[in-house]
Amino acid sequence: MTAFDAGSEFDRQVTTLVDKGYPALAGMTETAFRTLVDPLRSPVLARAATLEPPSAGRVPFLLVVTRALVPLEESVPLTTLAGKQSPGVIERFYAPGELERFVSLKELALPEGEVYVAFDIDRGEEFCNVVPQDALAAIAERGRTPLTMEEGMAFITQHPQALAKNKCFSLGGTRFGDRRVPALWISKGAPKLGWCWEGNPHTWLGLASAGDRSR
């Protein structure tokens, strides 16, 4: 089996963000954007020997661009399903201006800064048909934490195949303070950012999580 090249994967992810127009959306030149992201190479390479190649449902790391740099309203349309071209959409039942009020949980202690790296990402398909509250408790027992909206965007931006029929996932790391849990699913051949109730299980909806994060 060919060894996983963490450095090449890092470069691929940076190039993907550049090709999708992230520098311009951030109001930066490509050079400035690459300079901002490049320090994240160090924590990735520091773990290179322990990182495993990506699979359909689990990937070793993600470069995460926060909404402080590129708003979700602009990053969601840059996503597509594997082999498709229809841009991602935001579910209309997010009221106007409400999306920005869904914020990352303080207990995640996310790294400071506009970009960071998340490690050991799992789409959590084992939690399909499990009540989100119960899934959150299960991942917490494993020392893992739920993905945020931005991490979900990073996941399907870099690995479109991660969002698949009957293998969609909730993003429990971002909340409004009520019973709603953001989620990514498929609608009309495109990714859709919506939400589901924390007490309702869905056969097609798991809960994605991360091992840890670094700056």
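In this text, residue positions in the sequence shown follow numbering that gives the first Met the number 0: the first is 0, and each later residue adds one.
The C-beta atom is built at its ideal place from N, Cα and C for all residues, glycine as well.
Remember, it's a predicted structure, so these values are computed and weren't measured experimentally.
Q) Where does Met0 land, buried or exposed, given buried means 16+ other C-beta within 10 angstroms? A) Confidence at Met0 is low in this model, with a pLDDT of 41, below 50, so the placement of that residue is unreliable and no value is reported for it.
(Q) From the DSSP secondary-structure annotation, give me the bridge partner or partners of Phe168. (A) Leu183, Gly205
Q: Can you give me the Cβ contacts of Asp119 inside the same chain, cut-off strictly under 6 Å, excluding the 5 residues immediately before and after it?
A: Cβ neighbours of Asp119 beyond the five flanking positions: Gly210.
**Q.** Paired residues, beta bridge with Leu192 - DSSP
**A.** Leu192 pairs with Ile89, Leu183.
(Q) Rounding to the nearest angstrom, what Cα-Cα distance links Arg267 and Gly82 in this structure? (A) The requested residue 267 is not part of the displayed model; the chain covers only 0 to 214.
**Q.** Delimiting residues of the beta strand (DSSP E) encompassing Asp121
**A.** 114-121
Q: Could you work out which residue in Glu97, Val69, Gly193 is closest to Met27 when comparing CA atoms only?
A: Val69
Q | Pro145 in three-state terms, based on DSSP | A | In the displayed model, Pro145 falls within a strand according to three-state DSSP.
Q) Where do the N-terminal and C-terminal ends of the alpha helix (DSSP H) with Asp211 fall, by residue? A) Counting along the chain, Asp211 falls outside any alpha helix (DSSP H), though it belongs to the beta strand (DSSP E) covering 211-213.
**Q.** Unbroken alpha helix (DSSP H) run spanning Leu16, endpoints
**A.** 5-18
Q.
Am I right that Val230 and Val114 are in contact with their C-beta atoms under 8 Å? What's the rounded C-beta distance?
A. Outside the modelled stretch of the chain, which goes from 0 to 214, sits residue 230, for which no answer is possible.
**Q.** Cβ-based neighbour list, Thr15, same chain, cut-off 7 Å, excluding 5 preceding and 5 following
**A.** Thr156, Gln157
Q) Among Glu125, Pro145, Val88, Glu72, which one has its Cα closest to the Cα of Lys187? A) Val88
(Q) Determine whether the beta carbon atoms of Gly172 and Thr144 lie at a separation below 8 Å. (A) yes
Q: Specify the secondary structure class of Ser103 as computed by DSSP and reduced to three states.
A: strand
Q: Buried or exposed for Asp121, please, with buried defined as at least 16 other CB atoms from any protein chain shown within 10 angstroms of its CB.
A: Here Asp121 is buried: its Cβ has 16 or more other Cβ atoms, across all protein chains shown, within 10 Å.
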